[in-house]
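**Q** Okay, here's the structure, questions in a sec.
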Amino acid sequence: MSTYTAPLKDMRFVLNELAGLSEVARLPGCEDATPDTVDAILEEAARFASGVLDPLNRSGDQEGSKWSDGEVRTPRGFRDAYRQFAEGGWNALPFEPDWGGQGLPKLVATPVDEMWTSANMSFSLCPLLTQGAVHALALRGSEKLQQTYIPKMVAGEWTGTMNLTEPQAGSDLALVKTKAVSHGDHYRISGQKIFITYGEHDLTKQIVHLVLARTPEAPEGTKGISLFVVPKFLVKADGSLGERNGARCASLEHKLGIHASPTAVMLYENAVGYLVGEENRGLETMFIMMNAARFGVGLEGVAIAERAFQRALAFAKERLQGRDLAAGGSPVPIIRHPDVRRMLMLMKSQTEAMRALAYVVAAALDFASRSANPEERKRNQAFVDLMIPIVKGWSTETGIEIASLGVQVHGGMGFVEETGAAQYLRDARITTIYEGTTGIQAMDLVGRKIAREGGVTAKAWLGELKSFDAELARSGNADIQSLRAQLAAGAQALGDCVQFIVAEKNPLTAFAGAVPFLKLAGMVAGGWQMARAALAAEKNLSKDKSFYEAKIATARFYGDHVLVQAPGLRDTVVKGSSGAMALSEDQFLAA
Ligand SMILES: Cc1cc2nc3c(=O)[nH]c(=O)nc-3n(C[C@H](O)[C@H](O)[C@H](O)COP(=O)(O)OP(=O)(O)OC[C@H]3O[C@@H](n4cnc5c(N)ncnc54)[C@H](O)[C@@H]3O)c2cc1C
């Protein structure tokens, strides 16, 4: 059995060499992110992830959360782990000091969140959802709502949920039916929500539900949806908990993965709710906070890929099968076989590429929200808006592929549950579905982020890739030159697709290739970061030869095995749409 080891060296390398931690630490409000403090946080988080969360991952998967008579019991050990998590101040890490948070930049919270998810994805979802709910309240809640709820949620005493989905309203939230009727200083909420993560649990007494609902006179569609806070227990004037509210958990879903995370069917029966922001503008608030939530799920792709890689690596060093191709002799560890090496390199190189892109986007989020320079804020926000669907869609799709490769490295032992490799694949599978499926991310990328603005931000990024090519040209390293050629071909393919999308007037044609385009964009963005990593490694080679040599070789591998696919994806985007729409609905099955 392998235990989770935080990849601290790679995390520090990305933070310092690629994401610009020292510049982020100069932003207003980020002064505490000194190298010593960040190091101490990473070390301590790594200890908590490996020592407390990782040991509960498998048992949590086997036991699952259990529903009985409206109450939910999380698996053994989760309550104690959550208590330690809150007491250790980890829940408060990403929040503003005004609310009792530590005010650390997103860039510092990102590797920490990655560690929680690698060690125990089911556990990590609870603080992730609380972050989302706090974010919504901080954005649009009245002062009273903020004072009542946020400090306790930041401290981890109360947790939060996001209630969007209903049986008939998934990707299409225009179909939300839950009702909200005004009643003096509050509203009465009635309806059913499904798939609500940590909708009910025993980690804390209070749960703060953020619920999308419609008032009776609201217009149809997305312009008639409002957002409400619906606490499990009503809160008295002195802040203590009062009566039970009309919100209850009818059942838990039985699902493929994340068994320890309770996915609740919630019934709201005349429950007391308080409006967040203005009536009919609930979805707008949700959209504002969506970047953070989608980024968080994208990071899950990175985290689960890292964990799957570590387990596969440990297995490949132990499992004896086959002879050495050159020397023959007795059975050797399977890591000596070229095909197993290839699989491990695919896992390692893509995980490192995804991590680098995610941290670079985290730094841009910090610049977009905190820079004193309005021009810098605007430029970073445009970059973030373009990159978020890529981080979400590409990292989660690739995370699943990596978890699947992890099973393959294990052979039959990967398919049975004993080794744990199968759990990562099962857990990873949800990441491309919730918080907007890959199809929805890709349509956002192609439609809102590229076509709508005539490709301005995408073209600015392509321009950056071009200038970077000149920088790469100065390296005398053969591996870097090989990667440079692949990256140039990838950027060309991406540019061709951007032209195609901007020129295409028929949305059916553009959307038929949206997911391949998203994958191409992720592949190239990852290649860009791997090339930056290779240049930084070349510069630092004498400081830590083994690590930096491996970085350059891994970057080259990414070029030859991953980036090389870019021109093929371009052809799919540009030529493949007619094929996607060619059959009539009746022609799909010739029975
Ligand atoms: C374990 C789990 C946890 C979850 N947690 C939460 C939570 O905490 N809160 C919450 O509110 N929800 C939650 N969800 C719900 C989740 O966000 C939805 O499942 C997701 O948004 C997809 O909606 P759907 O399941 O109705 O699929 P559908 O919307 O029915 O989609 C089915 C397929 O059709 C495609 N599709 C749909 N519309 C379009 C379109 N316009 N164009 C192209 N393709 C389209 C989709 O990409 C998908 O492939 C959770 C779900 C699960 C399974």
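In our numbering, the protein residues as written are 316 to 906.
No residue lacks a Cβ here, since even glycine has one placed at the ideal position from N, Cα and C.
Note that this is a predicted model, so its numbers are computed, not measured.
Out of M838, A565, G588, V889, which has the shortest C-alpha to C-alpha gap to P577?
**A** When only C-alpha atoms are compared, the closest one is A565.
**Q** Please look up how many angstroms separate the CB atoms of L542 and L527, rounded, as I've assumed it's under 8 Å.
**A** Right, their Cβ atoms sit about 6 Å apart.
**Q** Determine the DSSP secondary structure at V761, reduced to helix, strand or coil.
**A** Three-state DSSP puts V761 in a helix.
**Q** Pick out whichever of Q723, I745, A697 has its Cα sitting closest to the Cα of R767.
**A** When only C-alpha atoms are compared, the closest one is A697.
**Q** How many angstroms separate the CA atom of E402 from the CA atom of A793?
**A** So the alpha carbons of these two residues sit roughly 51 Å apart.
**Q** Could you check the C-alpha separation between K774 and P704 for me, to the nearest Å?
**A** Cα to Cα, K774 sits roughly 17 Å from P704.
**Q** Mapping the DSSP letters down to three states, classify R626 as helix, strand or coil.
**A** If DSSP states are grouped into helix, strand and coil, R626 belongs with the helices.
**Q** At a cut-off of 6 Å, is I703 close to ligand 1 when judged by its beta-carbon and the heavy atoms of the ligand?
**A** Every heavy atom of ligand 1 is 6 Å or more from the Cβ of I703, so no.
**Q** For A407, count neighbouring C-beta atoms within 10 Å of its own C-beta (all shown protein chains included) and say buried if the count is 16 or more, exposed if not.
**A** Result: buried.
**Q** Cα separation between E691 and S374?
**A** Their backbone Cα atoms lie some 47 Å apart in a straight line.
**Q** How about S505 and E584: do their beta carbons lie closer than 7 Å?
**A** Their beta carbons are under 7 Å apart, which means S505 touches E584 by this criterion.
**Q** With a cut-off of 8 Å on the beta carbons, I'd call D614 and T432 a contact; round off their distance for me.
**A** Checking the sequence, you will find Leu at residue 614 rather than Asp. Right, the Cβ-Cβ distance comes to about 7 Å (below 8 Å), so this counts as a contact.
**Q** Return helix, strand or coil for V889, following the three-state DSSP convention.
**A** Note: V889 maps to helix in three-state DSSP.
**Q** Hey, would you say the C-beta of I511 is under 6 Å away from at least one heavy atom of ligand 1?
**A** Checking every heavy atom of ligand 1 against the Cβ of I511, one is found closer than 6 Å.
**Q** Start and end of the alpha helix (DSSP H) containing N435?
**A** Unbroken run through N435: none, as it is neither H nor E.
**Q** Could you please give me the residues that DSSP links to M477 through a beta bridge?
**A** L525.
**Q** Can you tell me which of the three DSSP states Y397 falls into?
**A** In the structure shown, Y397 sits in a helix (DSSP, three-state: H, G or I).
**Q** Alpha carbon to alpha carbon, what distance is there between L323 and A679?
**A** For A679 and L323, the distance between alpha carbons rounds to 21 Å.
**Q** Locate the beta strand (DSSP E) running through Q462, then write down its first and last residues.
**A** Premise fails: Q462 lies in the alpha helix (DSSP H), 458 to 470, not in any beta strand (DSSP E).
**Q** Where does N585 sit, in a helix, a strand or coil, going by DSSP?
**A** Residue state, collapsed to three classes: strand.
**Q** Please report the distance separating the alpha-carbon of G415 from that of W405.
**A** Cα-Cα distance, rounded: 12 Å.
**Q** If V877 and M838 are in contact, beta carbons under 8 Å, what's the gap, nearest whole angstrom?
**A** About 6 Å; that satisfies the 8 Å criterion.
**Q** Please list, in chain order, all residues of the same chain as D325 whose beta carbon is under 8 Å from its beta carbon, the five residues on each side excluded.
**A** If we look at D325 and ignore the five residues flanking it on each side, its Cβ neighbours are E667, R670.
**Q** Using three-state DSSP, classify L823 as helix, strand or coil.
**A** The answer is helix: DSSP assigns L823 an H, G or I state.
**Q** Does DSSP put R391 in a helix, a strand or coil?
**A** Coil.
**Q** To the nearest angstrom, how far is it from the Cα of L884 to the Cα of A800?
**A** When rounded, the distance between both Cα atoms is 17 Å.
**Q** On a Cα-Cα basis, can you pick out the residue from Q462, S317, L850, A586 that is closest to S797?
**A** Considering only alpha carbons, the answer is L850.
**Q** For V644, collect the residues of the same chain with a Cβ closer than 7 Å to its Cβ; drop the 5 residues on either side in sequence, then sort them by chain order.
**A** The identity of residue 644 in the sequence shown is Gly, whereas the question assumes Val. For G644, where only same-chain residues beyond five positions count, the Cβ hits under 7 Å are R638.
**Q** Using the Cβ count rule (16 or more neighbours within 10 Å means buried), how would you classify Q756?
**A** Buried, because 16 or more other Cβ atoms sit within 10 Å of the Cβ of Q756.
**Q** Bridge partners of G539, per DSSP?
**A** None; G539 has no bridge partner.
**Q** Is any heavy atom in ligand 1 found nearer than 6 Å to the beta carbon of S486?
**A** Because some heavy atom of ligand 1 lies under 6 Å away, the Cβ of S486 counts as near it: yes.
**Q** CB-CB under 8 Å to R394, same chain, minus the five flanking residues each way: which ones, in chain order?
**A** If we look at R394 and ignore the five residues flanking it on each side, its Cβ neighbours are D517, L518.
**Q** Any heavy atom of ligand 1 closer than 6 Å to the beta-carbon of G754?
**A** At least one heavy atom of ligand 1 is nearer than 6 Å to the Cβ of G754, so yes.
**Q** So which of M845, A364, S380 has the shortest CA-CA distance to I573?
**A** The candidate whose alpha carbon is nearest that of I573 is S380.
**Q** Can you check which of these residues, A552, L479, I650, F624, is closest to M581 by C-alpha distance?
**A** If we check each option's Cα against that of M581, L479 comes out closest.
**Q** Just checking, does the stretch 640 to 656 make contact with the stretch 742 to 759 on the three C-beta pairs under 8 Å criterion?
**A** Segments in contact, no.
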